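Asks: The opening position of the sequence shown corresponds to residue 1 in the UniProt record's numbering, with each subsequent residue numbered one higher.
Glycine included, every Cβ here is placed at the ideal spot set by N, Cα and C.
Keep in mind that this is a model prediction, so the values were computed, not measured.
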Amino acid sequence: MVRGIDLVKSSSLLRLKYILAQFQPTGPGVSVDNTTCTDCTLVQVDSVNRPGILLEVVQILTDLDLVITKAYISSDGGWFMDVFHVTDPHGNKVTDSKIIDYIEKALGPKGHTADGLKTWAGQKIGVHSMGDHTAIELIGRDRPGLLSEVSAVLANLHINVVAAEVWTHNRRVACVVFVNDDTTCRAVDDPSRLSAMEEQLENILRGCEADEKAARTNFSMGFTHIDRRLHQMMFADRDYEGGGLEVEADYSPLLKPKITIDRCEEKGYSVVSVRCKDRSKLMFDIVCTLTDMQYVVFHATISSEGPHASQEYYIRHMDGCTLDAVGEKERVTKCLEAAIRRRVSEGISLELCAKDRVGLLSEVTRVLRENGLSVTRAGVTTVGKKAMNVFYVRDASGNPVNMKTIEGLRKEIGQRMLLNVKKVPTSANAPETSRWAKTSFFFGSLLGRFLA
Numbered sequence: 001m002v003r004g005i006d007l008v009k010s011s012s013l014l015r016l017k018y019i020l021a022q023f024q025p026t027g028p029g030v031s032v033d034n035t036t037c038t039d040c041t042l043v044q045v046d047s048v049n050r051p052g053i054l055l056e057v058v059q060i061l062t063d064l065d066l067v068i069t070k071a072y073i074s075s076d077g078g079w080f081m082d083v084f085h086v087t088d089p090h091g092n093k094v095t096d097s098k099i100i101d102y103i104e105k106a107l108g109p110k111g112h113t114a115d116g117l118k119t120w121a122g123q124k125i126g127v128h129s130m131g132d133h134t135a136i137e138l139i140g141r142d143r144p145g146l147l148s149e150v151s152a153v154l155a156n157l158h159i160n161v162v163a164a165e166v167w168t169h170n171r172r173v174a175c176v177v178f179v180n181d182d183t184t185c186r187a188v189d190d191p192s193r194l195s196a197m198e199e200q201l202e203n204i205l206r207g208c209e210a211d212e213k214a215a216r217t218n219f220s221m222g223f224t225h226i227d228r229r230l231h232q233m234m235f236a237d238r239d240y241e242g243g244g245l246e247v248e249a250d251y252s253p254l255l256k257p258k259i260t261i262d263r264c265e266e267k268g269y270s271v272v273s274v275r276c277k278d279r280s281k282l283m284f285d286i287v288c289t290l291t292d293m294q295y296v297v298f299h300a301t302i303s304s305e306g307p308h309a310s311q312e313y314y315i316r317h318m319d320g321c322t323l324d325a326v327g328e329k330e331r332v333t334k335c336l337e338a339a340i341r342r343r344v345s346e347g348i349s350l351e352l353c354a355k356d357r358v359g360l361l362s363e364v365t366r367v368l369r370e371n372g373l374s375v376t377r378a379g380v381t382t383v384g385k386k387a388m389n390v391f392y393v394r395d396a397s398g399n400p401v402n403m404k405t406i407e408g409l410r411k412e413i414g415q416r417m418l419l420n421v422k423k424v425p426t427s428a429n430a431p432e433t434s435r436w437a438k439t440s441f442f443f444g445s446l447l448g449r450f451l452a
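#1: Using the three-state DSSP reduction, which class does LEU157 fall into: helix, strand or coil?
#2: If you check the beta carbons only, do TYR72 and THR301 fall under 8 Å apart?
#3: Tell me, to the nearest whole angstrom, how far the beta carbon of ILE226 is from that of LEU323; I am working on the premise that it is less than 8 Å.
#4: Per the DSSP calculation, ASN399 is bridged to which residue(s)?
#5: So does the stretch 273-290 actually touch the stretch 307-314, counting three or more Cβ pairs closer than 8 Å?
#6: Please state the DSSP three-state secondary structure of CYS353.
#7: Can you list, in chain order, the residues of its chain whose CB lies under 8 Å from that of SER148, leaving out five sequence neighbours each side?
#8: Apply the 10 Å Cβ neighbour rule to GLY379 and answer buried if 16 or more other Cβ atoms are within range, or exposed otherwise.
#9: On the three-state DSSP scale, how would you describe VAL188?
#10: In angstroms with no decimal places, state the Cα-to-Cα distance between SER75 and PHE298.
#11: Here's the rule: buried if 16 or more other CB atoms are within 10 angstroms of the residue's CB, otherwise exposed. What is CYS288?
#12: Quick one: give me the first and last residue of the beta strand (DSSP E) that ALA300 is part of.
#13: Among the residues of its own chain, which have a CB less than 6 Å from the CB of SER273, if the five just before and after it don't count?
#14: Considering just the uninterrupted stretch of the alpha helix (DSSP H) at SER97, what are its terminal residues?
#15: Which residues mark the beginning and the end of the alpha helix (DSSP H) in which GLY207 is found?
#16: Among all the DSSP beta bridges, which residues are the ones paired with GLY379?
#17: According to DSSP, which residues form a beta bridge with CYS37?
#18: What would DSSP say about MET234, mapped onto helix, strand or coil?
#19: Expressed to the nearest angstrom, what Euclidean distance is found between the alpha-carbon atoms of ASP63 and ARG228?
#20: In this structure, does DSSP put ARG410 in helix, strand or coil?
#21: Compare the Cα-Cα distances from residue 466 to each of VAL332, ARG377 and ILE204 and report the closest residue.
#22: Out of curiosity, what's the CA-to-CA distance linking GLY52 and GLY372?
#23: To the nearest angstrom, how far is it from the Cα of ALA387 to the Cα of ASN180?
#24: On the three-state DSSP scale, how would you describe LEU55?
#25: Residue 470 by DSSP, collapsed to three states: which one?
#26: Figure out for me which residue from GLU241, ASP239 and TYR314 has the closest Cα to the Cα of GLU266.
#27: Using DSSP bridges, identify the partner residues of GLY29.
#28: Less than 8 Å between the beta carbons of ILE286 and ALA339, yes or no?
#29: Between the alpha carbons of GLY140 and SER31, how many angstroms are there, rounded?
#30: With VAL326 as the anchor, note down where its alpha helix (DSSP H) starts and where it stops.
#31: Identify whether SER151 lies in helix, strand or coil by the three-state DSSP scheme.
#32: In angstroms with no decimal places, state the Cα-to-Cα distance between THR38 and ASP356.
#33: How big is the Cα-Cα spacing for ALA163 and LYS423?
#34: Can you look up LEU323 in the DSSP assignment and give me helix, strand or coil?
#35: How many Å lie between ALA152 and VAL58 at the Cα?
#36: Decide if ASN170 is buried, meaning its Cβ has at least 16 other Cβ atoms within 10 Å, or exposed.
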C-alpha cells in the first residue's frame, strides 16, 4: 500500500512532468522567452545530462542578480531540462539584450568547456583565473574586531585588498580575500611574503582557539565559485553543529526554515521539502549544499508566493541510495538549515564608497570596531578607482545597533567618503542586497566589461 505522503509526492511529480511536457526539448540549447508570461521571463535550458549541471545553471542566473520566482527541473535519464521563471531585482522582465545574449551564450552548448567549467571565470577563486590577484582563504572562530585585525595586518605588509567576501555563522567566520602588491598591482607570489602573511593571519585567527587546527589560512590555487567556496569552507568547518542557543537568539522565527525529508516509494526518491522566508540566491544555496554533499537532484519544483518560498527536491545519493537512516536525514536537515542562514543578515547595513587606496579597509573596519560594532557579513568591491563596500553590522554585545552610534559613524566616516545606512528588510518583497553588492566581490565590474 502506498502511504499518504507518497500519494502527495507522486502527485507533485506528475504535475512537474506535465509542466515540463509543454516544453519539449528540440536539442541542446537555451531559450529566453518574454512573450509567454506577462510578469516574468522564461529561461528554458535543454542539455545532455551530466553531474553538476543544475548548480552551474542556477549559479549563472543568480550571478546576474536575477530573481528565480518559479522553476521546474527534470534530469532523469540522459536529458537535462529546466524551466525558470525569472525577473530582474525590481520584479520586471529581463529585457536588456546584452543580459539575454549573455544567458544564451553562457548556458548554451558552447558555454561549457571540456572539463565542465565555465569559459568565463568571473567568480572563480585563484591566481590562475585572475593573474593580478592572490586569493586568501580564512576560516576560524568569529569575534568582534576580527576583520579589522586582518585588514590591518595586510595593510602593514603593503598588501592591497582588491575584493573580499566575509560570512559568519554559528560563531564561525569564513572569508575569501583577493589581494595584490600595493606598488606593482600584481599578485603576491614571493614565498617569503606569503609565509609572513600566513603566519601573522593565523596568529590573529587562532586568538583564543584551544585547537590550532580550528583556524586556517590558505592561498587558493583552485577555480571554485566564490559563494560555493564559502559554503564548502563552512561545511568543512562543521558550522552546522552545536550553537543551538546562539542560532535561536540570532534569528527571528520568520527566518527559521522548515525542512522535511520524506520518501517517494513509487519512484525511489527521497523528497526534501524546504519552506522559509524567500530571499535572493536561496535556490543556489540549497542546490550548492545538496551537490557538495554528493546528492543528485532528479526533479524539483520551486515557487515563491508572498514572503515565503517553497522548494521541493527529488534526490538520491550519488551511489543511488535514498536517505533512509535517521542520522543521515538529521545531518542533511542541519546542513541545509546552515546553508540558508549563512547568507541571512538582520539589522543594519552600511554602504561606503570612496577612492580606493591601500589601508582603506583597515581604516573603515577600525572605526567600526572602535564604535562597538561587529561585522556579520561583508562584501568588498573595487570598481575602477572606487572602493564600494557593504558591511552588515550589529552591536558587539548582541543588542540592536543604537542609532546614536550610527550618527557618530556618519560624522566620522561621512566626511571622507559616502556612507549610506539601511535597515536590512525583513520582507521578502524588498531587495536583500544593496545596489553596490548585488553579487559577490568584483563580479559587477567584470560583467560590465563583458557586456561592453
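Replies: Taking the structure as given:
#1: Numbered from its first residue, the sequence shown carries residue 157 at position 157. Under the three-state reduction of DSSP output, LEU157 falls in the coil class, being neither helix nor strand.
#2: Numbered from its first residue, the sequence shown carries residue 72 at position 72. Numbered from its first residue, the sequence shown carries residue 301 at position 301. Yes. Within cutoff.
#3: Walking along the sequence shown from the start, residue 226 turns up at place 226. Walking along the sequence shown from the start, residue 323 turns up at place 323. The C-beta distance from ILE226 to LEU323 rounds to 29 Å, too long to meet the 8 Å contact threshold.
#4: Here residue 399 is taken as the residue at index 399 of the sequence shown, counted from 1. None; ASN399 has no bridge partner.
#5: yes
#6: On the sequence shown, residue 353 is found 353 positions in, with the first residue counted as 1. Strand, per DSSP.
#7: Here the question's residue 148 lines up with position 148 in the sequence shown. Closer than 8 Å at the Cβ level, and outside the excluded window around SER148, lie SER362, THR365, ARG366, LEU368 and ARG369.
#8: Residue mapping note: residue 379 aligns to position 379 of the sequence shown, counting from 1. So GLY379 ends up on the buried side.
#9: Sequence index remark: in the sequence shown, residue 188 carries index 188 (1-based). Correct three-state label for VAL188: coil.
#10: As a working note, residue 75 is residue 75 in the sequence shown. As a working note, residue 298 is residue 298 in the sequence shown. If you take the alpha carbons of SER75 and PHE298, they lie about 5 Å apart.
#11: On the sequence shown, position 288 is the one that residue 288 refers to. Looking at its Cβ environment, which holds 16 or more other Cβ atoms inside 10 Å, CYS288 is buried.
#12: Locating residue 300 in the sequence shown gives position 300, counting from the first residue. Looking at the DSSP string, the run of the beta strand (DSSP E) that includes ALA300 is 295-305.
#13: Here residue 273 refers to the residue found at position 273 when the sequence shown is read from its first residue. Hits under 6 Å: THR260 and GLU312.
#14: In the sequence shown, counting from the first residue as 1, residue 97 sits at position 97. Taken as a continuous stretch (DSSP letters only), the alpha helix (DSSP H) holding SER97 covers 97-107.
#15: Residue numbering aside, residue 207 sits at position 207 when the sequence shown is read from its first letter. That residue, GLY207, is in no alpha helix (DSSP H); it is neither H nor E in DSSP.
#16: Translated into positions along the sequence shown, residue 379 becomes position 379. According to DSSP, GLY379 bridges with GLU165 and VAL390.
#17: On the sequence shown, residue 37 is found 37 positions in, with the first residue counted as 1. Paired residue(s): none; CYS37 is not in a bridge.
#18: Taking the first residue of the sequence shown as position 1, residue 234 is located at position 234. Residue state, collapsed to three classes: helix.
#19: Counted from its first residue, the sequence shown places residue 63 at position 63. Counted from its first residue, the sequence shown places residue 228 at position 228. Cα-Cα distance, rounded: 12 Å.
#20: Here residue 410 is taken as the residue at index 410 of the sequence shown, counted from 1. DSSP, reduced to helix, strand and coil, places ARG410 within a helical segment of the structure shown.
#21: This structure does not reach residue 466, given that the chain is present from 1 up to 452, and the question cannot be answered.
#22: Along the sequence shown, read from residue 1 onward, the residue named residue 52 stands at position 52. Along the sequence shown, read from residue 1 onward, the residue named residue 372 stands at position 372. Their backbone Cα atoms lie some 43 Å apart in a straight line.
#23: Here residue 387 corresponds to residue number 387 of the sequence shown, with the count starting at 1. Here residue 180 corresponds to residue number 180 of the sequence shown, with the count starting at 1. Near 15 Å, if we compare the C-alpha coordinates of ASN180 and ALA387.
#24: Numbered from 1 along the sequence shown, position 55 holds the residue referred to as residue 55. Taken through DSSP and simplified to helix, strand or coil, LEU55 comes out as helix.
#25: Lying before the first or after the last residue shown, residue 470 is absent from the chain, which here runs from 1 to 452.
#26: Taking the first residue of the sequence shown as position 1, residue 266 is located at position 266. Ranking the options by Cα distance to GLU266, first place goes to TYR314.
#27: In the sequence shown, residue 29 corresponds to position 29, counting from 1. Answer by DSSP bridge pairing, in chain order: ASP46.
#28: Numbered from its first residue, the sequence shown carries residue 286 at position 286. Numbered from its first residue, the sequence shown carries residue 339 at position 339. Yes. Within cutoff.
#29: Here the question's residue 140 lines up with position 140 in the sequence shown. Here the question's residue 31 lines up with position 31 in the sequence shown. Using only the alpha carbons, I get a separation of about 43 Å.
#30: By one-based count along the sequence shown, residue 326 stands at place 326. Counting along the chain, the alpha helix (DSSP H) containing VAL326 begins and ends at 326-342.
#31: Position 151 of the sequence shown, counting from 1, holds the residue named residue 151. If DSSP states are grouped into helix, strand and coil, SER151 belongs with the helices.
#32: Here the question's residue 38 lines up with position 38 in the sequence shown. Here the question's residue 356 lines up with position 356 in the sequence shown. Their backbone Cα atoms lie some 43 Å apart in a straight line.
#33: As a working note, residue 163 is residue 163 in the sequence shown. As a working note, residue 423 is residue 423 in the sequence shown. The alpha-carbon separation between ALA163 and LYS423 amounts to approximately 24 Å.
#34: On the sequence shown, residue 323 is found 323 positions in, with the first residue counted as 1. It is coil, neither helix nor strand.
#35: Translated into positions along the sequence shown, residue 152 becomes position 152. Translated into positions along the sequence shown, residue 58 becomes position 58. C-alpha separation (whole angstroms): 36 Å.
#36: Translated into the one-based positions of the sequence shown, residue 170 becomes position 170. Around the Cβ of ASN170, a 10 Å sphere holds 16 or more other Cβ atoms; the residue is buried.
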